[in-house]
Each structure stands twice: as structure tokens, then as C-alpha cells.
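Quick notes on the structure that follows.
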Amino acid sequence: MFQLSRRGEKAAKFKQRSPRTTINWDVFKSLVGRLVEYLHVSAIKAESPKVTKRRLSPQTLELIRQRGIARAACNRNLTSELAKRCREAIKEDLEERRAAVMARSWEEHSQSPPKLRQL
Numbered sequence: 001m002f003q004l005s006r007r008g009e010k011a012a013k014f015k016q017r018s019p020r021t022t023i024n025w026d027v028f029k030s031l032v033g034r035l036v037e038y039l040h041v042s043a044i045k046a047e048s049p050k051v052t053k054r055r056l057s058p059q060t061l062e063l064i065r066q067r068g069i070a071r072a073a074c075n076r077n078l079t080s081e082l083a084k085r086c087r088e089a090i091k092e093d094l095e096e097r098r099a100a101v102m103a104r105s106w107e108e109h110s111q112s113p114p115k116l117r118q119l
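Residue numbers (full-length UniProt numbering): 1 to 119.
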């Protein structure tokens with residue numbers, strides 16, 4: 001009769017386990033490719049600061065500039081007040097722009113001929 005020592009039993013159990021996890025490189029490559037494509041598209045869709053600044057009125061840009069000067073001068077009270085005014089001005093500018101875009105799309109929609117339904 002053959003008996004294994006305690007160490008031999010552990011070794012036999014270890015050999016019965018599944019082999020090391022292997023990486024399916026094709027799946028990995030496709031997932032990385034999708035991630036890279038997603039990041040590329042996101043970067044293209046992201047707007048540059050120049051585009052954002054074009055949307056703001058000159059008065060808002062002046063407020064932002066003044067806030068930067070106050071911040072550089074370490075004037076907390078003035079910086080805080082200008083920051084509040086900047087937020088309000090930016091919100092107003094974006095609301096005006098949104099209203100203009102909605103009006104323009106409504107005009108385009110009302111001028112286009114009605115589309116026929118296909119059965």
C-alpha cells in the first residue's frame with residue numbers, strides 16, 4: 001500500500017488545480033482598440049477653451065479677466081464677489097445662446113416641407 005506524506009498530498013492537490021490563468025490576447029487587443037477609439041472620439045468632441053470663449057459676451061470675458069487679476073493680487077473678498085458675478089453672467093450668456101439655437105432650429109423646422117410617411 002502506497003501512502004503519501006502530508007507534503008506529497010499537498011503537491012498532488014496543487015497539481016489537480018486548473019492551470020494558470022491565460023490571457024486571450026485577441027479579446028484584450030479588441031478591448032484596447034475600442035477604448036482607444038472611444039478616447040479619440042471623446043477628445044474630438046471636447047471643446048477647446050477658444051470655442052467656449054466665443055460663446056461668451058465681451059462683458060463676461062472682462063469679468064473673468066478682472067477676477068483673474070483679483071485672484072493674482074490675493075484679494076479674497078473681491079475674487080469671491082467677481083466669481084459670483086461671473087457665474088451669473090456665464091449662466092445668462094448660455095441661456096441666451098440656448099434660446100437663439102432653439103429659435104433657429106424652430107425656424108428651420110417650420111420652413112422645411114412636411115415629410116410624407118412611408119407605409
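Even glycine gets a Cβ: it sits at the ideal position worked out from N, Cα and C. Bear in mind that the values here come from a model prediction, so they are computed numbers and not experimental data.
Applying the criterion that 16 or more other CB atoms from any shown protein chain within 10 Å of the CB defines a buried residue, is residue i buried or exposed?
i: Arg67; result: buried
i: Leu39; result: exposed
i: Thr22; result: exposed
i: Gln82; result: The sequence given here places Leu at residue 82; Gln does not occur at that position. Label assigned to Leu82: buried.
Identify whether residue i lies in helix, strand or coil by the three-state DSSP scheme.
i: Ser80; result: helix
i: residue 120; result: Only positions 1 to 119 of the chain appear in the structure, and residue 120 is not among them; the question remains open.
i: Ala73; result: coil
i: Ile23; result: coil
Here's a check: name, in chain order, each residue in its chain whose Cβ is nearer than 6 Å to the Cβ of residue i, leaving out the five neighbours to either side.
i: Cys86; result: Leu63, Ile64, Arg67
Beta-carbon within less than 7 Å of residue i's beta-carbon, same chain only, minus the 5 sequence neighbours each way: which residues are those?
i: Ile90; result: Leu56, Thr60
i: Glu92; result: none
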